[in-house]
Structures are given as structure tokens and as C-alpha cells.
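0 is the number of the first residue of the sequence shown in numbering that gives the first Met the number 0; add one for each residue after it.
Have a look at the structure below before the remarks.
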Amino acid sequence: MDLTSKTPTWPHHYHPGHGGHAPGFLREAFCMLIDDEELDWDELGADDRRPPKGESDKDWICGQLWNCTDIMPGEFCRDLEIPPGSTYGQGARAVKYAP
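Laid out in C-alpha cells, this is it:
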């Protein structure tokens, strides 16, 4: 994988531009981001899949989950003030465009 690329090659065929089921480490990182927790990419099992230099964790994670169709846990929907049953993609847009 080219570490400068914004669109990594996922081992299980997830492509952020197409959406679908995102890897667990991305969904977990997004929830940690919502909770303002420190992200440890190695502990999350991200291997070499992490934000490129110069891009914030928030921007990269939101970009990776932009089209994700996985349903977010209700507690995080409440935290973001979006309807229960919203997807991680909807959550990513809520975080990205939050005032």
C-alpha cells in the first residue's frame, strides 16, 4: 500500500468511495473520536492503515467512513444528536459538518 494514498487497499474489499461494511478498527476509532479518547492505531489493529502525515485523525476517519452503511450504536447517535439507527456514514457527515 502506498502510505501517501488517501484510499488504502483494504484486505476484505472495503472501499471508502463505494461504502458498505467498514473494518472494525475504523468503526472503533470513530467511536473513540466521538468520546474524545486518545487513538492508538497499533492497539486498534490498524497495521499500516492510518492517516497520512498532515491529515488529522478526525478528517481521515470521517473520509474513510463517509459511505459506510454499518449502523452506529445508539449511544453514539445520541451523542451526535442524530436519529437512532443512523449509519457510520451519517455520523461521519455529522462530525465533519459540526459547528
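Ideal placement from N, C-alpha and C gives every residue a C-beta, glycine not left out.
Cα-Cα separation between residue i and residue j, rounded to whole angstroms
i     : j     : result
GLN63 : LEU25 : 8 Å
GLY44 : ASP58 : 19 Å
GLY53 : GLU42 : 21 Å
Delimiting residues of the alpha helix (DSSP H) encompassing residue i
i     : result
GLU74 : 73-79
GLY88 : 87-95
LEU38 : Here LEU38 belongs to no alpha helix (DSSP H), and DSSP marks it neither H nor E.
ILE60 : 56-64
Own chain residues within Cβ distance below 7 Å of residue i, not counting five before or after
i     : result
HIS17 : ASN66
ILE81 : GLN89, GLY90 and ALA93
beta-carbon residue i near the ligand ZN non-hydrogen atom, thresh 6 Å
i     : result
PRO98 : Absence of the ligand ZN from the depicted structure is noted, as is the absence of any ligand whatsoever, leaving it without description.
Distance between beta carbons of residue j and residue i, contact taken as under 8 Å
i     : j     : result
THR86 : ILE70 : 6 Å
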